[in-house]
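As structure tokens, the structure follows; a few thoughts come after it.
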Amino acid sequence: MNKLRIGIIGTGGIARKHAQALLAIPEVELVAGADIVPDKARAFLDSFDLPQAAAFNSHQDLLKLDLDAVSVCTYNSTHKECVVDALAAGCHVLCEKPMSITLSEAVAMRQAEQASGKILSIGFQPRYDINTQKVKSIISGGDLGKIYYIQTGGGRRRGIPGRTFINKEQAGVGALADIGCYALDFALNSIGYPRPLTVSAYASNYFGTNPKYYPLADQFQVDDFSAAFIRLEGDIVLDFRMSWAMHMDTTGDFLFLGTDAGLKVRQPHMKWWGGAWDGPIGEIFYMHDQFGVPTETPVPLAENQGADLFQKKVQAFVDAVITNGPAPIPTSQIIYNQAIIDGIIRSSSEKKEVTIEIPEL
Ligand SMILES: NC(=O)c1ccc[n+]([C@@H]2O[C@H](COP(=O)([O-])OP(=O)(O)OC[C@H]3O[C@@H](n4cnc5c(N)ncnc54)[C@H](O)[C@@H]3O)[C@@H](O)[C@H]2O)c1
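Numbering (numbering that gives the first Met the number 0), first residue to last: 0 to 360.
Structure representation (structure tokens):
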């Protein structure tokens, strides 16, 4: 079999992890990179000792090559344009999280995927954590009964990033999209991604805009804290909280409440940079009645074996390309994630509950 010819669009921070993962897969050849910052793609490829790989200053030029797939590693605001163009050029696409900034962008991306017949997968590597998978299997096994309430927790006490993450033009959305999308994915994927119906939300940026807490306060334009009450299909409510900065170590644990039992899931303890939910989860407790007595049973954690989560995410995408299989993390699910982020932004700006309307695609 010929090697898959893969390119990377956006050769900044996370592109390095994509390149490392792709280079570790024998069936893949990393043949090109593109970045709108002049010379950045060339320097990136050279740092991986890939002088034969082609460097471009625009993703459109990269897409003129004969490629099988691309990783889209640009900042949030250019995901949609790069993904839609890559699909139209006949490439399978692995796009970094969050899927986009708005729901309408996510809809356009899904429509482009459907029109192309190619795979579009969104990069949520915590899905490959063995204990995250255990939570999903406990819930889908039915031990909790009917799930009616989920609380997302975690959040950072101090952890506002810099660079392209804090302005409207490049990031579009702050903590809510950057790490909130992981919390939403963990909650929704664990219960089979029901459709979101309404959102009542609050968002603020008291820390990012205050030079006492953040040195780039004059450039900070997005949210650093948000909370929301989300109604999901099937009479389920999701109580969401996320933070890049706050005077608290956590907004709580992840809680799944069912009619027969509950699950409490802790983030791994990370004092200052905690609660990102972008890696493995912490402890799990099964809350149930045993012989009529309320009981808390720790669920033994399995050790993640072998490749790291990021490698597994890229490998799953490459496997899907090779087998022409379904996208490992499909847009049919992640569009709901993006719809909630969109709803939180609208609701917090309008200061009232909003309805989530997702076109049938
Ligand atoms: N999965 C993870 O663990 C993880 C971790 C960090 C970041 N991310 C996501 O990855 C994305 C990028 O984050 P980053 O930290 O690498 O940001 P970054 O700013 O370091 O890199 C983004 C790069 O994209 C380039 N770019 C923007 N638009 C472009 C276009 N149209 N064509 C070509 N290049 C373009 C920029 O010039 C920049 O070099 C974000 O969406 C972020 O949320 C994911």
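All C-beta atoms in this analysis are idealised placements derived from N, C-alpha and C, irrespective of residue type, glycine included.
Fair warning: this is a prediction, and the values are worked out from it, not measured in the lab.
- The continuous stretches of beta strand (DSSP E) do not include H78, which lies in the alpha helix (DSSP H) extending over residues H78 to A87.
- Assignment of V27 by DSSP, reduced to helix, strand and coil, places it in the strand class.
- Taking the Cβ of H58 as the reference point, at least one heavy atom of ligand 1 falls within a distance shorter than 7 Å.
- In the DSSP assignment, L21 falls within the alpha helix (DSSP H) that extends over A14 to L22.
- For I333, the uninterrupted alpha helix (DSSP H) segment begins and ends at T330 to E349.
- The three-state secondary structure of Y147, taken from DSSP, is strand.
- Per DSSP, Y74 has no beta bridge partner at all.
- For C180, the uninterrupted alpha helix (DSSP H) segment begins and ends at G179 to S189.
- The beta-bridge partner set that DSSP reports for A114 is empty.
- Counting only the Cα atoms, Q314 lies some 16 Å from N303.
- DSSP, read as helix, strand or coil, puts L360 in coil.
- Under the DSSP assignment, A40 falls in the alpha helix (DSSP H) whose first and last residues are K39 to S46.
- Annotation for V36: no beta strand (DSSP E) segment contains it, and DSSP assigns it neither H nor E.
- Nearest C-alpha to P299 among G6, I129, Q218 and A53: I129.
- By the criterion of a C-beta distance shorter than 8 Å, V320 is surrounded in its chain by L3, D67, A68, H91 and I118, once the five residues flanking it on both sides are discounted.
- Looking at S76, K63 and N209, the one whose alpha-carbon comes closest to that of N166 is S76.
- For the options L102, K263 and A176, the alpha carbon positioned closest to that of Q150 is the one of K263.
- Taking 8 Å as the cut-off, the Cβ atoms of I8 and T101 do not count as close.
- Linking E104 to K79 through their CA atoms gives a straight-line distance of about 6 Å.
- Per DSSP, Q51 is not a residue of any alpha helix (DSSP H), being assigned neither H nor E.
- Under the criterion of beta carbons closer than 8 Å, K16 and F255 do not qualify as touching, at roughly 30 Å.
- K39 and L61 have their C-alpha atoms spaced approximately 14 Å apart.
- The secondary-structure analysis by DSSP pairs V198 across a beta bridge with I229 and V353.
- In this chain, T208 is not harboured by any beta strand (DSSP E), its DSSP state being neither H nor E.
- Taking G191 as reference, the option from Q110, S331 and P97 with the minimal CA-CA separation is S331.
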